[in-house]
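Let me begin by presenting the structure, written as structure tokens, before commenting on it.
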Amino acid sequence: MKFCILCTGSYGDIRPYIALGKGLKQKGHTVKIVTHQPGEQLAKKEGLDFHLLDGDLTESITHEKTTEFLFNKKSKISIIKEAIIETRKNVEKQLMSALAAVTKETEVLIYNNISFAGPHLAEYYKIPSYCIYLTPAVRTTEFPYPSNYALQFKCLGKLGAYLSYHFQEQRSWQTVRDKVNKWRRNVLGIRNVSFFGPLNDPITKKIPIIIPFSQKIVKPPKDWPSNVHMTNFMSLKNETDWTPPHELVNFFDGEKILFLSFGSLSMACPPFIVKEIVKVLHRNRIKSLVNSNLPGLNELQLPSFIKPVSHIPHSWLFQNIQAVVHHCGAGTMAATLQAGLPSMAMPFGLDQFFLADKLTALGIGPSPLPIQFFDISKFEKKVLDLMMNQDTYQKNAKNVQFELNDSRDGVDWTIDVIFNLLNKFD
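Following this note's numbering, the numbering of the sequence shown begins with 20 at its first residue and continues without gaps.
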């Protein structure tokens, strides 16, 4: 069959969809990945057809704006206004670009929940479609929407939890509702979608939702509707061979090594925090690999036991280190858990706070230190705790790893769900 996978977001957001595409291709299907430039090299490396998607929404919130927003260098209201304007422009580009990529030859459409064109193209072509969420962000009364924006709803209990999803949905949808409906009418020639968005529309709300997230971490809420299916993390297995440079191999000499990276958000970390982090690692002689694109890192004099590194496949790196400090994006969190590594989260925003709390509950590292509330003494205390209590944290991490590995593979499980539902498609 001819599958089209439409996904937006950062490199870390895109990787699980490429893993799914690879799994479908291995089963004999034709797969086209439609995504932004960060995913191009990986998609092609895994042998998938690639189509560039315009309108990268991550460009609406630049690293500079993220830094300004988190550290109060500028009015938050003005930053939000700028982001909304940029988002509206990018959504227009994304809608037209997606239409050019998702052609009538497509037999099955898979899209992520932050892809604005997905449900509308599924309705337009009248083809089977699936929306895939990387985190359990489907309405429930059991826990609030997994985002720091929903924290204020906690005090209202179950009602607050449920309302938090509607708040987040409308916060996103109403920003672009007029753009999407104009595109539907004038370009696709179909009716306006519901005023309250695709998740409340009689047609598009029936689209199956698949959540490739471990049930060992979050149990599926009892009040989820029947069209929601939770599987397991989708990760790339047996990535194309990568040979580490000799100088990196030589760095690993049996000592405990910490890896510190904030993924695609690394550039949003202010230089003064980078300087403080390095100071702690240096003072305590913690052998470390740190993301080379951290702002201001190249201006610091680093000791020989702190090594800047660029892209290293997690599949290789996580077999050779002992602990991780990270922003707790969904992909990085899944990779650390699957590798059985102790870790400490320094979330920047959105679902990272939700995921960081889950890591703490598993007992595989100290409590989170949000980047916005960075304090050198707190960071030092937590990172020393992470490195000095390795036995306890590693034991818990290995237990989680065993449970994850004992579960069904996320890619295979997700593909099974897709085809089981496909047989019922009318």
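We put the CB at the ideal spot given by N, CA and C, even for glycine.
What residue does the alpha helix (DSSP H) around residue i start on, and which one ends it?
{"i": "S191", "result": "G176 to W202"}
{"i": "H248", "result": "Note, H248: premise wrong, no alpha helix (DSSP H); beta strand (DSSP E) at V247 to M249."}
{"i": "V293", "result": "P290 to R302"}
{"i": "Y152", "result": "Element bounds for Y152: n/a, residue is neither H nor E."}
{"i": "S334", "result": "H333 to L336"}
{"i": "K63", "result": "E59 to K64"}
{"i": "L255", "result": "No alpha helix (DSSP H) holds L255; DSSP gives it neither H nor E."}
{"i": "W432", "result": "G429 to L441"}
{"i": "A358", "result": "A349 to A358"}
{"i": "D376", "result": "Q371 to L381"}
{"i": "V121", "result": "Unbroken run through V121: none, as it is neither H nor E."}
{"i": "G137", "result": "G137 to Y144"}
{"i": "E318", "result": "It is not in any alpha helix (DSSP H) - E318 carries neither H nor E in the DSSP assignment."}
{"i": "V268", "result": "H265 to F270"}
Can you list, in chain order, the residues of its chain whose CB lies under 6 Å from that of residue i, leaving out five sequence neighbours each side?
{"i": "V247", "result": "V157 and I228"}
{"i": "Y36", "result": "I24 and C26"}
{"i": "E399", "result": "V299"}
{"i": "A375", "result": "C347, A364, P366 and P387"}
{"i": "E59", "result": "F69"}
{"i": "D75", "result": "H55"}
{"i": "L114", "result": "A136 and W202"}
{"i": "F393", "result": "I292"}
{"i": "I103", "result": "T194"}
{"i": "S29", "result": "T77 and S283"}
{"i": "L72", "result": "V53, T54, H55 and S116"}
{"i": "V212", "result": "D220"}
Considering only their Cβ atoms, is the gap separating residue j from residue i smaller than 7 Å?
{"i": "I24", "j": "I129", "result": "yes"}
{"i": "P385", "j": "K401", "result": "yes"}
{"i": "V344", "j": "L279", "result": "yes"}
{"i": "S329", "j": "S311", "result": "yes"}
{"i": "F367", "j": "L284", "result": "yes"}
{"i": "C347", "j": "A358", "result": "no"}
{"i": "T125", "j": "K21", "result": "yes"}
{"i": "L140", "j": "V121", "result": "yes"}
{"i": "I33", "j": "T54", "result": "yes"}
{"i": "P290", "j": "P314", "result": "yes"}
{"i": "I390", "j": "E295", "result": "no"}
{"i": "L207", "j": "E188", "result": "no"}
{"i": "I236", "j": "K377", "result": "yes"}
{"i": "G429", "j": "F252", "result": "yes"}
{"i": "W261", "j": "P332", "result": "yes"}
{"i": "V297", "j": "L319", "result": "yes"}
Is it buried or exposed for residue i, if we count other Cβ within 10 angstroms and need 16 for buried?
{"i": "A354", "result": "buried"}
{"i": "T250", "result": "buried"}
{"i": "N132", "result": "buried"}
{"i": "E142", "result": "buried"}
{"i": "P264", "result": "exposed"}
{"i": "L178", "result": "exposed"}
{"i": "K288", "result": "Inspection of the sequence shows that residue 288 is occupied by Cys rather than by Lys. Per the 10 Å Cβ criterion, buried."}
{"i": "D220", "result": "buried"}
{"i": "F281", "result": "buried"}
{"i": "A416", "result": "buried"}
{"i": "L170", "result": "exposed"}
{"i": "K100", "result": "exposed"}
For residue i, which beta-bridge partners are listed by DSSP?
{"i": "P327", "result": "V309"}
{"i": "K21", "result": "T49"}
{"i": "L277", "result": "S307 and A342"}
{"i": "I229", "result": "I151 and H248"}
{"i": "T54", "result": "L71"}
Tell me the residue span of the beta strand (DSSP E) that contains residue i.
{"i": "H48", "result": "Here H48 belongs to no beta strand (DSSP E), and DSSP marks it neither H nor E."}
{"i": "V344", "result": "A342 to H345"}
{"i": "H70", "result": "D68 to L71"}
{"i": "V127", "result": "V127 to N131"}
{"i": "S362", "result": "S362 to A364"}
{"i": "K400", "result": "Element bounds for K400: not the beta strand (DSSP E) but the alpha helix (DSSP H), I395 to M407."}
Ignore the nearest five residues each way along the sequence and tell me which others in residue i's own chain have a CB closer than 8 Å to its CB.
{"i": "I434", "result": "L39, G42, L43 and K46"}
{"i": "T159", "result": "A180, Y181, Y184, P240, D242 and W243"}
{"i": "T154", "result": "P165, I230, F232, A349, D370, F373 and L374"}
{"i": "F214", "result": "R196"}
{"i": "I446", "result": "Outside the shown range of the chain, which is 20 to 445, sits residue 446, and nothing can be said about it."}
{"i": "S307", "result": "I276, L277, F278, L279, L300, F324, I325 and K326"}
{"i": "I340", "result": "I276, L277, F278, L308 and L360"}
If you drop the 5 nearest sequence neighbours on each side, which residues of the same chain put their C-beta closer than 7 Å to that of residue i?
{"i": "L356", "result": "V419, Q420 and L423"}
{"i": "I437", "result": "Y149"}
{"i": "M406", "result": "K275, L277, I305 and A342"}
{"i": "F336", "result": "Before going on, a small fix: residue 336 reads as Leu here, not Phe. Once the five neighbours on either side are set aside, the close Cβ partners of L336 are F278."}
{"i": "D431", "result": "G42"}
{"i": "F270", "result": "K326"}
Is residue i a contact residue of the ligand PLP, with contact defined as CB to any heavy atom under 6 Å?
{"i": "T194", "result": "The ligand content of the structure shown is nil, which means the ligand PLP is not present either."}
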